[in-house]
Amino acid sequence: MTVFLIFFPLLAAMLIFIARPANAKVWAFAASLIEVAASIVVTTAFVRNEEVQFIINIPWIESLGLNFSVGIDGISLLMVLLTTILVPLIILSSFKHAYNRASTFYGLILTMQMALIGVFTSLDGLLFYLFWEAALIPIYFICLIWGGEDRGRITLKFFIYTLAGSLFMLVGLVYLYYHTPGAHTFDIQALYEAGRSLPAAEQSLIFWAMFVAFAIKMPVFPFHTWQPDTYTVAPAQGTMLLSGIMLKMGIYGVIRWLIPVVPSGVEQWGFTAIVISVAGIVYASCIALVQKDFKRLIAYSSIAHVGLISAGTFTRSTLGVQGAMIQMLSHGVVVIGLFYIIEIIFERTQTRRLSNLGGIRNVAPALTTVFVIVMLGSVALPLTSGFVGEFLLINSLFQYQAIVGAVAGLTIILGAVYMLRTFQKSMSGEVNALTGVFTDLGTHEKLVLYPIVIIVLLLGIYPGPLLEISEPAVANLLKIYSTYSASLK
Amino acid sequence: MVDIKLLASLVPLFPLLGFLIIALSAKRLSEKITSVLACGVILLSFILSIILFTHLAGTTSGDPAIRVSLFNWISAGNFHSSISFLVDPLSSLMLLIITGVGFLIHVYATGYMHGDEGFSRFFSYLNLFVFFMLLLVMGSNYLVMFVGWEGVGLCSYLLIGFWFKNQAYNDAANKAFIMNRVGDLGMLLGIILIFVNVGSIEYSDVFAGATTIDPSTVTAITILLFIGAMGKSAQLPLYTWLPDAMAGPTPVSALIHAATMVTAGIYMVARNNLLYSLSPLAMELIVVVGLATALFAATIALTQNDIKKVLAYSTVSQLGLMFLALGLGSFSSGIFHMATHAFFKALLFLGAGSVIHALGNEQDIRKMGGLKKYLPLTYFTFLVGVLAISGIPPFSGFFSKDEILAAAFAHSKPVYLLAVAASLLTVFYMFRLIFLTFFGNERAGHDTMHHIHESPKSMTIPLVLLAVLSFAGGLAGVPEALGGSHWLNAFLSPVFSPSQGILAPHHLTHTTEYILMAIVVACTLGVIAFAYSRYVSGGHVPRPDGQITGGLHRVLYNKYYVDQFYELTIIKPLYWISQKLEAVVERSGIDGLVNLSGKSIVSGSNVARHLQNGRIGYYIFAMVAAIVLILVLGLI
Amino acid sequence: MNALFLICGLGVFSLVAEIVNFKRGLIMVMMAGLLTAGILVIIDFGTSTLHFSDMLMFDNFSLAFSGLIIGVSIFWLWMSYDYFQLQPHVTDRAALILFTIAGAVIMASFNNMAMLFLGIEILSISLYVLAGSRKESLNSTEAAFKYFLMGSFATGFLLMGIALVYGATGSFDITKIAAFVATHDTALPAFFYAGVLLMLVGLAFKISAVPFHFWAPDVYEGSPTVITAFMSTVVKIAAIAAFYRIFALCFSSVQATWITALQVITVLTLIVANLTAVYQSGIKRMLAYSSVGHVGYILLGFIATDTGSTGAVFYYLNAYAIASLTAFTVVHELERDTPNIAIQRFNGLFKKSPFMAVAMTLALLSLAGIPPLPGFFGKYMVFALAIEHGHTGLVIVAIATSLIGVYYYFRVIIAMFFSDSAGENTPLTWSVKLLIATLTIISILLTVFADRVLNLVA
Amino acid sequence: MINTIPLEYYIWLATALFTIGVLGVLYRRNAIIIFMCIELMLNAVNLLMVAFSSYLNDSSGQVFVFFIMAVAAAEVAVGLAILVLMYRNTKTIDINVLNRLKW
Amino acid sequence: MTLNVFYFLSFVAILSALMVVFSKNPVYSVLYLIITFFCIAGHYVLLNAQFLAAVHVIVYAGAIMVLFLYVIMLLNLNEEAEPHKTTVLKITATICAGLLMIMLVGSLKGTEQMIRQQPADAGIGLVKSLGKVMFTEFLLPFEITSVLLLAAMVGAVMLGKKE
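Protein chains in written order, with this note's numbering: chain A, 322 to 810; chain B, 4 to 639; chain C, 47 to 504; chain D, -11 to 91; chain E, 3 to 165.
Set out below in structure tokens:
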């Protein structure tokens, strides 16, 4: 089943690449719907405990200790669900846009999905790394081929920057690999053991090697400068993929591949990570305040949100990690909605400068409603998805260190400041020449945005079932961590 | 027999349904159906509230509170929270006020908003507001209260910026939301601190475990919660949003910014009376903040010329008085004043709305005057409201304000004096308002006067009903000194008894109370006379904006320059820092560093390629030199 | 062994073909012959035999490398079909190429210094000529001249090294030298070490490691493109095989002597080659620097001369050769009319010929070492080896340079996908399409069956 | 005969000749002279080989010298052909003149 | 006596080798190189490599150097063909070569330790014994040399032939 989940999108992508059907988008959409169905089947078959399920383990390169080993536990399942549900929305969001070489475009999106699901299900260190990098290639080309101005330089910076980070992770993984007991292997459990057997100083080094990779991917201040440019230049769907799903890889990496692997390193440097994450919240929020470009503004807001998730994760508490899980889902949905709204506005007005917009609310009530709800999700209003996660995260941070929690809480204020300003500048006021002829949402757009709105509200009102899915697995991972810490004392 | 718990959970459900139906049907429903629907759901909730109220009032034995738990909301690790309701005397009283006053205002609004293009939007927001307000007061744990707390903030935001074409209104809406958020952060942290120390956020668990918490932590918790209240109930220093919030339609000002939402802070403190009573420091803080706000806002109100702004500052001031009561440990007085205030302030706002409506959206009292004969019903009801707020017996305000002043007197004399000053200032500016509006010369333009008309029935009937309430509302708390039994105190005692046990408030003798009442009433009448002589007999009209002289006057007229102060100390620096962060740290600093590494590679390459200069002679030299080096490396 | 005879025989055959004027099908015959040779190699696989008084040893190592050389040569012939058909001296060129391949096979399987020397010289002398084979072009002449002059100079050092080693050990036989060195490690005269180092220099020149690489960019740029492709694939494989064979098998017990020098060479190669490649505007010159850079990564694998490294080096060469060949095929197709094309020639290639663009992209990604392409596994293996042996510092340098590598490879990719098109569309023949597709598929198979490839030389 | 001459002498002599060859390659810019200097280097190696061969009493060293000679001859043939080709194109045999390929 | 011959031959060899490098006229260089080769042939004789000495004279002095002469005459090179060299170049060239020399000589210190394994056999340099080794042990290289020469021949023709 896991194999199907991973490789069905690739298969579909290959077929689309080769067959080049005239209406590639429809085929891609159908494929992504099948993937949704598959993920639902998995969810129903999933037993809610801490076990990793649907395990497949095939030797690949034995001399390198590389096995094709995948499986799904609660944490993975949530991430897989996020991926499978967002991808159809992303594909659907492009229906109005006639991309050149559509088959390539949709093929790349599906390839990306393959890599993402692979990342979230890998149980082998090197395999994880392979999927991790494999996710970079399709998104790079999506941005390069269909991106905006100056994309060559910007996407290259993005590529090299993230690649640089992940190479550090690779070094860390290899180092761990050579410390696995017995015959060396990249099996996740063996890596856990290897990491824990290392002395504290070496764990610190491994911690930094891997943390840098994850921090760049998320991205956390000060490793973030590739992100605003890339988000701005990427085509809408590319931005959605990047922000909606891809950055979750970093947090997922921290949860599964960092905290349990080098507990002592995390113990030693976790606070530093929290501090820079929290500093990033305030920093990115401030910069978002003065952005003139709508997309860039949301890009910075994403940095701020991710900073909070990252900080919460590093508290190593169930509350924090669970908060991170739910906030990842929420952020994925919300940010996709926001970027799509930006795309809708851009497509109609050909501008993303806030000062050129305004008054859209007069002519597009449906868009306004959606925008408001998604925005509320972003500013974490209770009963929207954003609140559940932010509450748990701030809670965990506050328990960890009250001051840090309080500073992190500033996101509640600053987030409102820049989001409301954005809403006001773009939607309120009188219409102008650009926005006067604005048409309200079309069918396709509604089909994308309404589900997003529903998810935002549903997650906010009744997050219980999702939290229950990941709770045992999170508790299990943290137990691995805490037993180690306890054994030191 | 219908299950009482079901009824309880239906109370917030009806407004929610109303909201959903109106919102989802977009503009397809006609104004009439929308009005009926919107008012109907509130009415249903009101009826249910009455049932609940009578149920509670009728239960004499044991704990009368009704608890309903709907479903688990957020749970992770050891944190659990559910969507659950608690209906006890305090919340049932709140329910009555919210749904009752809310219903009247809804009805009023059907007339007031008639013909507005956002008619259905307005009512959907309004219903949503009632829903959140009900959640706020009915929640049985802090998180549900917080949901309502933020929810009402949202509706307030939406309704202040209801006329979104005007960017000034939008600014006001943003300001309201953000200032509330500042408070909300404090509140959220307070809730988290409670959870950290008690391990639960259910009221019952927290109150049961309150005495086990470290006293300094209690202080921290209560102060954090109070920061939330400062934002929501517009106390110093977070009050500036409320006057600006008058940008919203007048029914909104009446419902949200006078009767209900802004009193959420009062409710919250009253709800946590046990925690507050454990922290004398927090109580002191509330006293100071409440009193300062009362005076501060009252002085500003003296010079304002916008009819709604005056009322807004008056609201801030009154809220200050309520906090004063709470801080003095006289929780039921605070609640009492909150209730009466809800009546008369709603009345005043609606009356003002009626005036504005009649004058074609004119809000400047300098352009009114002599409206008594054109708008008799409005004038009459407005007068009732003014008398009530001024504390003229036997209007409701008299009883509730008197209680607060009595408590202040019992606490300390200076506090009492200041409180009296605040209430006398209130009397002055309220009468200034009514005199300038309804008495004297007609200063409105000719066109305006031509179209002037009394408001439709849908607007006047609520006015009348509210006037009745403003008059008679005080009967719920006639003090023993005046032969009453103070029914309200008795009704709320299950809620406040734990804290009263700790605080053991002073009781004044009846004689003292009589003297105090007499003094206050006498002063009040004196002030009224002064106002009359100045504005009616003297015909004094405030000067236009440009001609204001006198330092104090100007300071007051400009609201102590607080907005400017905030602009200068917070907003400007924030943007300045942000801009610098972006320009210096982000672009030149971090990104500059990243780009520099890329550029240095390219320039390094430009250097390195000159190693390859195409000349064989040079190549061979390099090779021989390298061979020598390698021999040195390998052999030495 | 038989394969070697067959290849030499084929060379003579093509010379004879000139006389009987058999030109049309010559390339086909060559390919068929090479295919047969490849099969002969495969048949021998798993055996380890010495031939001609221990002159050659065909063990798994040499068979695998010979197989690789022959296989790559077949694809190379396929790619350069028109180079033979459209220019004069078909048979001469064909013969020279076959002699070169013979030399390459000898370099992969020698067991005696004499064979090493002769193998290198057969290969080099043929290449000097081939590099200059575009006689009308000044660049080609310059390439031949530079290559020849510096090559023979380096041969002098190699010979000096061989002589000194012979003087110290009394034998040219590698197994005997290895045994002698192992038993006399303290009693060896100092000039033995000088000999080893001089051999290092001579071979470093052949594999074009910095600072003995100066010839490579100029020669690669000046030579006809197909010859450049040949040099950067077949010749490089052979040179590396020879280098590995002599240093890993023969001099491994005196590693202390040459390891420092090799590390310095490795670091220099990584840095200088990758850095210089960044500024290049001509695609061939860029690929030349990249090919020098790859030598640096392969040398990283030499630092640990145990069983693991053989596989790593072999796999790396596989990945590298396939990717390079794909890249050169595309370059060759694009430069039909104008030699020495700039990177701008790739502008908008994706719009004109997505097939070529995608294949080129995959090849470049593989060269850049982006997973999951085989180039990544190659890099990964040598990195892992270096980390295992504690050379983390070297790995950090290698990682930094591979990032620089990404930079210049991606310039081509960006040109293909981003810029507007330049130049006309040249339709591809089915043969070229098939070749590109086959190479790409092989590249993917290399990823999937990496374990099999690794086990070939184990 | 050889007993009277120490091996070191030959090694030194060969080294000297080899170094003179290298010096010539570095010193001159005339391609033909450079070729000749390379030949000198090879001859130095030959001398060394023969010396070793004699002192080790092993004839394989001398056999190797044959191969070196063969290779030297082949190299010279090809090299001079290239040189002539170059001279035809550029009318010079200065090694540094032909440097179109660089950077 | 033998030692004196050695000294003489070595002196002439080195001197003429230096003259190869420093002669202005390429023809002189060729001639000096031939002298050097003869000296080396003399050393071969001293070393009991009589056959090799003969082959050496034939191949080098007889064939290779003649080829050089031909080419020089063909290209009509004279003294002015080479531009003036800077002093810096001269000095660096000398320093480089000197350093190389020092390194090589320095590495030869251990030579004295080498003990002859068996008494000298004057026969190894004769055709008989060389032929035996070449056609048994070194048969393959010998045959492969033919491929080398073939390649060189084909190549030289290919490059030299006018189109």
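Just so you know, even glycine gets a beta-carbon here, dropped at the ideal spot from N, CA and C.
Annotation: E/S109 to C/L321 spans about 35 angstroms, alpha carbon to alpha carbon. A straight-line Cα-Cα distance of about 53 angstroms links B/P417 and A/S676.
When the alpha-carbon of A/L354 is set against those of A/A555, A/L413 and A/L444, the nearest one is in A/L413.
B/R612 is not a Cβ neighbour of D/N84, given a cutoff of 8 angstroms.
Taking the Cα of A/F532 as reference, the smallest distance to any Cα among A/G559, A/T364, A/R577 and A/T501 is reached at A/R577. Within 8 angstroms of the CB of B/N609, no CB atom of chain A is found; the nearest one sits about 18 angstroms away. Contact check for C/Y335 against D/G49 fails: the beta carbons are separated by 8 angstroms or more.
For A/A632 against A/A729, the beta-carbon gap comes to about 6 angstroms, under 8 angstroms, which counts as contact. Under the Cβ criterion of 8 angstroms, D/N87 is counted among the residues facing chain B. A Cβ-Cβ separation of about 7 angstroms places C/I317 in contact with C/V443 under the 8 angstroms criterion. As computed with DSSP, B/F134 is found in no beta bridge at all. For A/R682, the C-beta contacts it makes with chain B under 7 angstroms involve F167, in order along the chain. With a minimum length of 4 residues, the unbroken runs of alpha helix (DSSP H) contained wholly in the stretch 49 to 82 of chain E fall at 52 to 58 and 67 to 77. Across the set D/Y43, D/A61, D/E27 and D/A58, the C-alpha of D/Y43 shows the shortest separation from the C-alpha of D/T(-8). Around the beta carbon of C/K192, a 10 Å sphere encloses 16 or more other beta carbons of the protein chains shown; the residue is thus reported as buried. If you draw a 10 Å sphere on the C-beta of B/A475, you find fewer than 16 other C-beta atoms in it, and that means exposed. For B/I623, the nearest CB of chain D lies under 8 angstroms from its own CB, placing it at the interface with that chain.
Burial check for A/R682: the Cβ neighbour count within 10 Å reaches 16 or more, so the residue is buried.
The beta carbons of B/L40 and B/I24 sit closer together than 8 angstroms. Straight-line measurement puts the Cα of D/W91 at about 12 angstroms from the Cα of C/A262.
With respect to the 8 angstroms criterion, C/A200 and C/F111 are not classified as neighbours on the basis of their beta carbons.
Rounded to whole angstroms, the separation of the alpha carbons of D/L68 and E/L71 is 11 angstroms. If the five residues before and after B/I224 are omitted, its C-beta is found closer than 6 angstroms to the C-beta atoms of G193, L196 and I197, all from its own chain and listed in chain order. Contact between A/K616 and A/Y552 holds, with the beta-carbon distance rounding to 6 angstroms and staying under 8 angstroms.
Between the stretch 281 to 291 of chain B and the stretch 179 to 194 of chain B there are fewer than three inter-stretch CB-CB distances shorter than 8 angstroms, so the stretches are not counted as touching.
In the structure shown, B/A68 adopts coil according to DSSP, grouped into three states. Nearest to E/L79 by alpha-carbon distance, out of D/T80, D/Y(-3) and D/P(-6), is D/T80. Only residues of its own chain outside the window of five on either side were considered, and among them none has a CB closer than 6 angstroms to the CB of D/V33. Around C/G178, the beta-carbon contacts reaching into chain E at under 7 angstroms are L161. With its beta carbon less than 8 angstroms from one in chain C, D/V13 belongs to the interface. Relative to A/M335, the option among A/F350, A/Y427 and A/V368 whose CA is nearest is A/Y427. C/F293 is the residue among C/L345, C/F293 and C/H230 whose C-alpha sits nearest the C-alpha of C/I220. Comparing alpha-carbon positions, the option among B/Y145, B/N130 and B/L55 lying closest to B/S159 turns out to be B/N130.
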